[in-house]
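The opening position of the sequence shown corresponds to residue 1 in the UniProt record's numbering, with each subsequent residue numbered one higher. For glycine and all other residues, C-beta sits at the position ideal for the given N, C-alpha and C. Read the structure below first, then the notes.
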Amino acid sequence: MSKGPLVTRTELRRRKEEAEKEAQKQLEQQQKAADKEYRKKEKEISNFYRKEHKKQKEITKSRSNEQTKIRERSSTLTKAIIVVAILLAIVIFIVLNL
């Protein structure tokens, strides 16, 4: 008496296909999770640098303009100091001569 095989070729093929499908499904899930994590990291990095860029103001001043302003301010202050010194000298002269 010959018994048939415990597992037929079609059953083996079906099991193999199911295992491949399961492996493919797991691979796709892992790929989706990795893509999601990658997008999340990219978004965090993008947000960080966007915030840093917002913190930095655009440069609207030039060195020559700033130097000109400093020179003007310096000359104005020098003139004011000279005027105050002259007035102080006049006051001291008047006080000492009385």
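Secondary structure of residue 56 (DSSP, three-state): coil. The DSSP-derived three-state label of residue 83 is helix. DSSP, read as helix, strand or coil, puts residue 46 in helix.
Here DSSP, grouped into helix, strand and coil, assigns residue 68 to helix. Counting only the Cα atoms, residue 89 lies some 10 angstroms from residue 83. When secondary structure is reduced to three states using DSSP, residue 78 falls in the helix class.
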